[in-house]
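Following: one structure in structure tokens, then a few remarks.
Residue numbers (the working numbering), protein chains in the order written: chain A, -16 to 431; chain B, -16 to 431.
Right, dumping it as structure tokens:
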């Protein structure tokens, strides 16, 4: 599979170098929309617009819907007005709402104005919700059933109304006032006795509210292993459907953010190769600065203990080893707990439970590393020095694991992003405290 | 939603403390299977078996299928033989194949022997494939159509054959020799003209081969935004279907492993609160040891430069700041590129492209941090010292970003896990090289 894609890239680059529109078009025929989307995500803005405009109309829409949200807005801004209006009219209302968020306000307003009344009506409800809430991601094109229908009638109803719907595999069942009564799968409609009643075959729905946090709601749907879940307003009336595709996209985006922040950077939100140089720098520089400024703390700690250092310069040799081990131990705990939190395995109120686990894990790790450190350091630098290293490692591992495990829970409790408080901050905190412990131990045990 | 779950936990803990089976049973009625699964993932082995045995039979199966693979095997080992045989008979064949991997070989063999012939026939094909290949995850219970059927006939065929199938939303169309011709969605069967032919409505399939790497194949399906994809043997004959549920589970597991390794630990593979203490220690200790041993490198570097340190002890103050910044810069690049690699945005052969981007990003970051470092250090410790810090930061950031960006690609090229070579190793590598650069600069600029 991947060799074919490599070949596609080579041929396209060749065609682009020659600026041959026929060659580009020839390269694009018979290609899978997904490969074209992947290709576009490697090209720069101008080439991307050229390729996109040469796609046949229906194919273009398919490719557009496979692109990342940021790529969509960039592409839109590079197209001519009539092309833009067409794409905007034809995409799904929930994709449209996402796109409006990414576009400059002026462009967004004029696009909304140009929309047909039906499509505008389908888009408007979403725009009333926070960008972080699941209301922004719901699909407003759905088919609903009423509970007195037979399965046969319901199937006929789906046949008549299902054409524009984003999914027909999970169908909400409502009262005449759009109050949700249950859900029934298309599978059950097809497999069941046509004369049976919907109300006898529908299931209690797993639903979310439009104002729910997007990641939380998406995980509800995914954990319940459903293809779609109804989205309700504050009075429990049906507003739309959340599809599993969208739910997975939301979760993946959150994971992406979490992974980036744990690595000490902001998420790129676009393919690596197309991200402008400045975008890459910007995603990293703030973090680096914040971390460097917190690292000034370590300079100060060392400054305080400078007289100790003057007396035994050998102490300086172990500084990177100790701070490194402390940072690693803290990061391990933080990453594990951050993930458990995201998956709903632990809650902020479990903090004592978590800390008690981490104290014990830290003690065990510290005992192990400490004995090793004691052995090696006392062989080379003498017994007393070995004691300093060993005891410092024991204390540092215990402290780092405990703090590392607690931090994400505290962050969540104060409604901050646990990933932000994870690895990088904890590493810096551990650096400083490990130095303090180290020099206190040295002063005490070496009698300085 | 979450308050209700908190309440469920309290009530269950109360009932377990009192060892009151009726209270446990009462707590379980009317609960959502998903909440029960979450509850089980918080309890210890004994309580888990007690709760599970008190579930009504159909509910129990539903809950079982929501559990993580490792939890399933543990639960199975805690149940009585007849319960085990029943669960094993009733779960889906692909879940069964996964379970067999987790169970001790003796238990697995005796369970396979006890299976009904039909179910054994459905399970056997999967067991021939590598645990890492997608063949292990495919569903062998599916409905296939032939291309000469009308849509109406096809729908009737699905009605008759679809009962045991894992999904009927994507239906493979095959020749009489099981050679794949296309796929058609249930949606199209329902919405289309019943007298039209399947061959005129089927689409070119996105398919995978049973021997394909599981994560790679799962991402193919997800990127194509499909509910299921055919799995073929080496002669392109249909073996089964990969469902999007399973594909997402595979990807999530890989992400989990990646996140853990980037945090310097092995993945837990089970809920945090139920992981035994020794499991937590084991997932971290090897990494900590490896990293600590590599950190001995920094001790040696400092040892080499001990005479320089003796002359200017102030140099020691900046060691944690410089190693920390180098480690952070390297990690940022590594995490970004590892992710881009997982998403298929870059390929190992793009290494020069990636390095060229990272050299420039590193230079920009280094110039920024270096000027700041120069300013601050020269204010406090004099101009010459400021120069050492500034130039060191510039060099270190450039080198760290370049190496950090290249490492994951090299790892993939030699078929190692890019995440393993990411953050922790790069941080340690950067620690050591930043020290070398630092002391060389100091020797040169301070004329030591």
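Heads up, the beta-carbon is just placed ideally off N, CA and C, and yes, glycines get one too.
| Exposed or buried, residue 160 of chain A, counting other C-beta atoms within 10 Å across all chains shown (16 or more means buried)? | Residue 160 of chain A sits exposed, since fewer than 16 C-beta atoms from the chains shown fall within 10 Å of its C-beta.
| field | Residues of the region -4 to 23 of chain B whose Cβ lies closer than 7 Å to any Cβ of chain A, in chain order | value | Under the 7 Å Cβ criterion, the region -4 to 23 of chain B contributes 17 and 21.
| field | Proximity of residue 59 of chain A and residue 67 of chain A at Cβ, strictly below 7 Å | value | Against a cut-off of 7 Å, the Cβ pair of residue 67 of chain A and residue 59 of chain A comes out as a contact.
| Contiguous alpha helix (DSSP H) assignments of at least 4 residues, all confined to the region 254 to 293 of chain A | Restricting attention to alpha helix (DSSP H) runs no shorter than 4 residues, the region 254 to 293 of chain A encloses them at 260 to 287, ordered along the chain.
| Cα-Cα, which of B/227, B/205 and B/190 is closest to residue 217 of chain B? | Of B/227, B/205 and B/190, the smallest CA-CA separation from residue 217 of chain B is found for B/190.
| Mind checking residue 260 of chain B: buried by the 16 CB within 10 Å criterion, or exposed? | Its Cβ having fewer than 16 others within 10 Å, residue 260 of chain B is exposed.
| task | Determine the direct distance from the alpha carbon of residue 373 of chain A to that of residue 356 of chain A, and round the result to whole angstroms. | result | C-alpha separation (whole angstroms): 5 Å.
| Which residues bound the alpha helix (DSSP H) around residue 122 of chain A? | Note, residue 122 of chain A: premise wrong, no alpha helix (DSSP H); not H, not E.
| Among A/100, A/139, A/43 and A/315, which has the Cα closest to the Cα of residue 384 of chain A? | For the residues A/100, A/139, A/43 and A/315, the minimum Cα distance to residue 384 of chain A belongs to A/315.
| task | Flag residue 416 of chain B as yes if its beta-carbon sits less than 7 Å from any beta-carbon of chain A, otherwise no. | result | Cβ-Cβ to chain A under 7 Å: no for residue 416 of chain B.
| said: Please report the distance separating the alpha-carbon of residue 200 of chain A from that of residue 228 of chain B. | reply: Each residue's CA atom was taken as its position, placing residue 200 of chain A and residue 228 of chain B some 17 Å apart.
| request: Could you tell me whether the Cβ atoms of residue 17 of chain B and residue 212 of chain A are closer together than 7 Å? | output: Their beta carbons are not under 7 Å apart, which means residue 17 of chain B does not touch residue 212 of chain A by this criterion.
| query | Within the 7 Å Cβ cut-off, does residue 314 of chain A reach chain B? | reply | True, the Cβ-Cβ gap to chain B drops below 7 Å.
| said: Rounding to the nearest angstrom, what Cα-Cα distance links residue 344 of chain A and residue 381 of chain A in this structure? | reply: Distance between the alpha carbons of residue 344 of chain A and residue 381 of chain A: 8 Å.
| message | Rounding to the nearest angstrom, what Cα-Cα distance links residue -1 of chain B and residue 21 of chain B in this structure? | response | So the two alpha carbons sit approximately 16 Å from each other.
| task | Would you mind stating whether residue 141 of chain A and residue 126 of chain A have Cβ atoms separated by less than 7 Å? | result | The Cβ atoms of residue 141 of chain A and residue 126 of chain A sit closer than 7 Å to each other.
| Top-ranked residue by Cα proximity to residue 224 of chain B, from B/274, B/121, B/89 and B/164 | Checking every option, the nearest Cα to that of residue 224 of chain B belongs to B/121.
| request: Report the residues of the region 134 to 161 of chain B with a CB closer than 8 Å to any CB of chain A, ordered along the chain. | output: In summary, the residues of the region 134 to 161 of chain B whose CB is separated from some CB of chain A by less than 8 Å are 138, 141, 142, 145, 146, 151 and 152, in the order they occur in the chain.
| field | Boundaries (first-last residue) of the alpha helix (DSSP H) holding residue 181 of chain B | value | 181 to 184 is the extent of the alpha helix (DSSP H) around residue 181 of chain B.
| message | Please tell me whether residue 209 of chain B and residue 415 of chain B are closer than 7 Å, where the distance is taken between their beta carbons. | response | 7 Å or more divides the Cβ of residue 209 of chain B from the Cβ of residue 415 of chain B.
| query | So is residue 41 of chain A in contact with chain B if we call contact Cβ pairs under 7 Å? | reply | Residue 41 of chain A is outside the set of residues whose beta carbon lies under 7 Å from a beta carbon in chain B.
| field | Whole-angstrom distance between residue 430 of chain B and residue 51 of chain A, CA atom to CA atom | value | Each residue's Cα considered, the two are about 54 Å apart.
| Quick one: which chain B residues come within Cβ less than 8 Å of residue 239 of chain A? | Under the 8 Å cutoff, chain B gives 322.
| At a CB-CB cut-off below 7 Å, which residues of chain A make contact with residue 293 of chain B? | Close partners of residue 293 of chain B in chain A (Cβ separation under 7 Å): 296.
| message | Does any residue of chain A have a CB that is nearer than 7 Å to the CB of residue 45 of chain B? | response | Not closer than 7 Å to any Cβ of chain A, the Cβ of residue 45 of chain B fails to qualify, so no.
| Which chain A residues are close to residue 108 of chain B, counting only those with a beta carbon under 7 Å from its beta carbon? | Simply none; closest approach about 22 Å.
| query | Between the Cα of residue 86 of chain B and the Cα atoms of B/291, B/312 and B/53, which residue gives the shortest distance? | reply | Comparing Cα-Cα distances from residue 86 of chain B to each of B/291, B/312 and B/53, the minimum goes to B/53.
| task | Determine the closest residue to residue 298 of chain B out of B/421, B/165 and B/133, with distance taken between C-alpha atoms. | result | When only C-alpha atoms are compared, the closest one is B/421.
| said: Taking CB distances under 7 Å as the criterion, tell me whether residue 228 of chain A reaches chain B. | reply: Taking CB atoms only, residue 228 of chain A has a neighbour in chain B less than 7 Å away.
| said: Just verifying my parser: in three-state terms, what is the DSSP assignment at residue 388 of chain A? | reply: Three-state DSSP puts residue 388 of chain A in a helix.
| Below-7 Å beta-carbon distance, residue 129 of chain B vs any chain A residue | It does not; no Cβ of chain A falls within 7 Å.
| field | Within-7 Å CB hit, residue 121 of chain A to chain B | value | With 7 Å as the cut-off, residue 121 of chain A does not count as an interface residue toward chain B.
| What separation, rounded to the nearest whole angstrom, lies between the Cα atoms of residue 109 of chain A and residue 77 of chain A? | In a straight line, the C-alpha of residue 109 of chain A is about 7 Å away from that of residue 77 of chain A.
| task | Output yes or no for whether 7 Å exceeds the beta carbon distance between residue 337 of chain A and residue 388 of chain A. | result | Result yes, Cβ atoms of residue 337 of chain A and residue 388 of chain A sit closer than 7 Å.
| task | Within 10 angstroms of the Cβ of residue 40 of chain B, are there 16 or more other Cβ atoms? Answer buried if so, exposed if not. | result | Result: exposed.
| Can you list the residues of chain B that residue 164 of chain A reaches, using a CB-CB cut of under 7 Å? | Result: empty, since nearest Cβ-Cβ is about 17 Å, beyond 7 Å.
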